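Below: the structure, in structure tokens.
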Amino acid sequence: MLNNMKNTLHPWVIKKIGRDWLEYVASNTMNVATEAFDPFIWTYDCKAKIVEVRQETADTKTFVLLPNQHFKQPLPGQHIELTVDIDNTGTPVARCYTLSEIQQDTVSITVKQNPDGKMSNWLHKYGREGMILDISSPRGQFVYRDQEKILFISAGSGITPCYSIYKAFETQINQPDVAFYYRSRTPDETIFRQQLEQTKNDNSVDISYSRHSEEEKTSYLPSQLIEAYPDIKERHIYLCGPEPFKNDVLSYLDDIGYDLNNLEVEHFAPLQATSQSVDSFTGEVSVLLKSKNIRFVIDAKDNDKTLLEAAEANGVQFEHGCRSGMCGTCRTNLVSGEVNGQQLGKSIYPCATYPASAELVIE
Amino acid sequence: MSHSSTSSEQNYDEIHQAFEDIKTKHRDDLGEKDIRYIKKIRRYSRIFEVIGRGLIWIMPGPLALIGVPFLFLHRNLEAIEIGHNVLHGQYDSFEGIPQFHSKKFRWKAPIDEAAWRQEHNGIHHVHTNVYEKDPDLNHGFLRTNAQVPHNKWHYFQVPIYLFFVYPAMLYNFNAQNLGANDKFRERRFPLGNKGYATFENTEELTEDAAKKRHQRAVWRVWAKEYGVFPLLALLTGSGFFKVFLANMLADVLNNYWIALTIQATHLTEPLQPEDALKSKGKWYVSQLDSSVNFKGTRKQSILWGHLNYQVEHHLYPDLPSHRYPDIAIEVQEVCKKYNLPYKTNKNWWQAISNYIGLLWRFSFKRSASVPLEPSFLEKEASNAK
Ligand code: FES
């Protein structure tokens, strides 16, 4: 009964009080009792509760999530990382999912069941209303940047970030000129087909099928994009889909002389600790600052800079004082990855440490 | 074997190494013991809270005062032995106690944590006693050395602080850390902020954001002490004002206690050279030169948040405080060996009276003609010439 009560209470609380105030109240009333009473609200972690499960196609489900107060406001096109200890081994599995829809208080992920995908199978099998999941705050650079003419090119489940951006235009006053190209196998397997077809009249939406006998006549192959969109070179392109598809499109765009600076490609991989550490790391380092939900990349040539300096060079501020490892102000914890220099267990001193793995996740 | 002079650079390197060795030794030893310690203090704090609030609630009329010392103990442990030390990151490296990690911790005190960490850890602890850099030289508008330009407010600094600021000392910190004090001085002082450290706004907060943080930090304490608990008392047939006043008394005591503790642990003279930070050895020495300990037992030290081991705290701000009494012995040995200043007051009372004497001296204009006492580093440098 208590759980039912919480299920109705949580959406209400987040709606009425808002995440900002909720964070204020919860963080200041955190103790053993409150943590035990409601670990969804009284927690230090970003979590989300499944509030609805929808069947989209035979093998695709949409999960509507209600994140708690630690979640930052997402932008259409961004993704979250989901972490589940599937085998109860203490080493959880992490996967990224694009937010297919962003509502006032909830976000959705649309998951296609992949026969050998651990997480997608698990979600399809066990994902129920009321279940609480560990998620990350929204991430990703695949977001709309106020361009006037754009073209989405997507295939398979790569449609989700494109659809999410596309959908957000509905509520916008100044709508950009949008074209939507989507490649799917069959109409039945087409995620968001109905929604796309409804809006088809206003914008040019092309769905092309690779395994369908009566292909609609509007359907173009990825190698005919310029015929479908004669003004393609004036459009900003958002590209997302399986690797082979992306590669095909990329080389095609290159061939037709498209300016690749106008291209956004979504690639996400879950963050995994790189286990091997090296004495002096040479190569690009991608750093994620969890508390601020900021990601930046340290250039290979900046490897001799301390983490603090490298962050500043990227316009990211760390708390700091002495810059020489004495005062402890910059101290923070490493979630995954490796560094060289001043370290104390999981704690690192960014002003006196150097990155030593390609991925760093910092608290 | 004692060295007569510290002045050569090589000597400073040795000094640096000697202090680093102590740090490394204790870092390597961090573990279970420290986790147990901080959890124990939190447990005591809870027990005192229950007893304190319970007595205040049950006891009729003035007898409720019996609960005040307990409530004071709770608030005091939370504010300094737990809060101040945790916010230095002393417990950040231990897993399983996120409640004591500096960036997750919420203070049961009316002070915004992030702004505090920046000002206190990042500025005060780095530029200790540096003129126009260290905000703790002034805690508002105090004139604590001859270099600060005198104005008429300073004549009254002793009574103003003793009667008005210290009873609400913790409430003053947000004003210092989020910029309100600067505005006051700009408006009221003929030379504005000359002679004072100013808010650096490293987080680039807008004025509204700073105000919001300031208010939220205060209201979380007020809501609890002057809203929720008095109301609970009212609902259960006990007196609203009884609880309100008792809580207020504990609040004031706590503020006063902390004010006197922190004021008594820094000698505001001599001022330290700004470039001490360039050499780690010199930085250690400048920390020694600007902090002063006072004696107390282990238990008393907890009530002072181990700030009576100010010297050790300033050398190693992010080592768990309960280790300072042990560290002190090792630090004293190094100081003896290299002839370095290690300053101690006999007891709290002497520390306080010294400090108030100093405030009194500098409330007058003529003190401006008193020559500045040179820092140890400067003396050494001129000896070497
Ligand atoms: S900034 Fe002082 S330790 Fe890193």
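Order-wise, the sequence lines are chains A and B.
For the first sequence, this note's numbering begins at 1154 and goes up steadily by one.
For the second sequence, this note's numbering begins at 1145 and goes up steadily by one.
Glycine is no exception: its CB is placed at the ideal position from the N, C-alpha and C atoms.
None of the values given here were measured: they were computed from a predicted structure.
> Going by alpha carbons, who is nearest to W1448(B) out of F1216(B), L1209(B), Y1156(B) and I1166(B)?
Replying inline: F1216(B)
>> In the DSSP output, which residue or residues are listed as bridge partners for N1493(A)?
In response: In the DSSP assignment, N1493(A) is bridged to Y1507(A).
>> I'd like the ranges of any beta strand (DSSP E) spanning at least 3 consecutive residues and lying wholly in the stretch 1291-1362 of chain A.
In response: 1302-1308, 1330-1337 and 1357-1362
> Can you find a C-beta in chain B that's less than 7 Å from the C-beta of A1426(A)?
Replying inline: Low confidence applies to A1426(A): its pLDDT is 39, below 50, so where it sits in the model is not reliable, and the reading given next is rough at best. For A1426(A), the answer is no, since every Cβ of chain B falls outside 7 Å of its Cβ.
>> What I want to know is whether the C-beta of H1223(A) ends up closer than 6 Å to one or more non-hydrogen atoms of the ligand FES.
In response: no
> Going by DSSP, what residues sit across from V1418(A) in a beta bridge?
Replying inline: Its beta-bridge partners are L1392(A).
> What residues in its chain sit with their C-beta under 6 Å from that of F1333(B), if we drop five residues either side in the sequence?
Replying inline: N1295
> Closest Cβ-Cβ distance between N1265(B) and chain A: below 7 Å?
Replying inline: yes
>> One question on the structure: do F1438(B) and N1391(B) come within less than 7 Å of each other, judged by their Cβ atoms?
In response: Against a cut-off of 7 Å, the Cβ pair of N1391(B) and F1438(B) comes out as no contact.
>> Can you tell me whether R1476(A) sits near the ligand FES, meaning its C-beta is under 6 Å from at least one heavy atom of the ligand?
In response: yes
> Whole-angstrom Cβ separation of H1160(B) and R1467(B), contact assumed at under 8 Å?
Replying inline: Not confirmed; about 20 Å, so no contact.
> Under the criterion of a Cβ to heavy atom distance below 6 Å, does G1309(A) qualify as lining the ligand FES?
Replying inline: no
> Would you say V1133(A) and V1488(A) are within 7 Å of each other, going by their C-beta atoms?
Replying inline: What the structure shows of chain A is the stretch from 1154 to 1516, and residue 1133(A) is not part of that stretch, so it cannot be assessed.
>> Given this structure, state the Cα-to-Cα distance separating V1309(B) from N1415(A), to the nearest angstrom.
In response: 59 Å
>> On the criterion of 16 or more Cβ atoms from any shown chain inside 10 Å, does P1291(A) qualify as buried, or is it exposed?
In response: Sixteen is the threshold: when 16 or more other Cβ atoms of the shown chains lie within 10 Å of the Cβ of P1291(A), as they do, the residue is buried.
>> I'd like the list of long-range same chain contacts for D1462(B), defined as Cβ closer than 6 Å, with 5 residues on each side in sequence excluded.
In response: If we look at D1462(B) and ignore the five residues flanking it on each side, its Cβ neighbours are H1232, G1233 and Q1234.
>> So that I know if they touch, is there some Cβ in chain D lying closer than 7 Å to that of R1364(B)?
In response: No chain D is present in this structure, whose protein chains are A and B.
> Can you give the Cα-Cα distance for D1359(A) and E1301(A), rounded to whole angstroms?
Replying inline: Cα to Cα, D1359(A) sits roughly 19 Å from E1301(A).
> Can you list the residues of chain B that H1518(A) reaches, using a CB-CB cut of under 7 Å?
Replying inline: Shown here, chain A extends from 1154 to 1516; a query on residue 1518(A) therefore has no answer.
> To which residues of the same chain is K1572(B) closer than 6 Å at the C-beta, ignoring the five residues directly before and after it?
Replying inline: The shown model of chain B, from 1145 to 1529, leaves out residue 1572(B), and the question about it has no answer.
>> Which runs of the alpha helix (DSSP H) at least 4 residues long sit entirely within the stretch 1449-1504 of chain B? Give them in chain order.
In response: 1454-1459 and 1468-1482
> Can you give the Cα-Cα distance for H1458(B) and A1472(B), rounded to whole angstroms?
Replying inline: 12 Å
> List, in order along the chain, the chain A residues whose C-beta lies closer than 7 Å to that of F1237(B)?
Replying inline: Inspection of the sequence shows that residue 1237(B) is occupied by Ser rather than by Phe. L1497, G1498, K1499 and S1500, listed in chain order.
> Given F1193(A), which residues of its chain have a CB within under 8 Å of its CB, disregarding the five upstream and five downstream residues?
Replying inline: K1159, H1163, K1200, K1202, N1221 and I1285
>> Using C-beta distances below 6 Å, list every residue in its chain close to P1503(A), excluding the 5 sequence neighbours before and after it, in chain order.
In response: Excluding sequence neighbours, P1503(A) sits near L1460, L1461, F1471 and C1483.
> In chain A, what lies closer than 7 Å to P1242(B) by C-beta?
Replying inline: Y1197
> So is R1484(A) in contact with chain B if we call contact Cβ pairs under 7 Å?
Replying inline: True, the Cβ-Cβ gap to chain B drops below 7 Å.
> Hey, is Y1502(A) close to the ligand FES, as in C-beta under 6 Å from one of its heavy atoms?
Replying inline: Answer for Y1502(A): yes, Cβ within range of the ligand FES.
> Is the distance from the Cβ of N1398(B) to the Cβ of H1358(B) below 7 Å?
Replying inline: no
>> Determine, for P1423(A), whether the minimum Cβ-Cβ distance to residues of chain B falls below 7 Å.
In response: For P1423(A), the pLDDT reaches just 44, beneath the cut-off of 50, and the residue's location in the model is therefore unreliable, although a value from the coordinates is still provided. No, no contact with chain B.
> With distances taken from CA atoms, which of W1165(A), Y1297(A) and V1206(A) is nearest G1283(A)?
Replying inline: V1206(A)
> So which residues of chain A does P1461(B) contact, with C-beta pairs closer than 7 Å?
Replying inline: C1480 and G1481
>> By the three-class DSSP mapping on this structure, what secondary structure does K1265(A) have?
In response: strand
>> In this structure, how does DSSP classify S1152(A) when only helix, strand and coil are distinguished?
In response: Past the edges of chain A, shown from 1154 to 1516, lies residue 1152(A), and the structure says nothing about it.
> Taking C-alpha atoms, which residue in F1238(B), R1187(B) and S1152(B) lies nearest to I1501(A)?
Replying inline: For the residues F1238(B), R1187(B) and S1152(B), the minimum Cα distance to I1501(A) belongs to F1238(B).
>> Given a cut-off of 7 Å on the beta-carbon distance, is the pair E1344(B) and G1336(B) in contact?
In response: no
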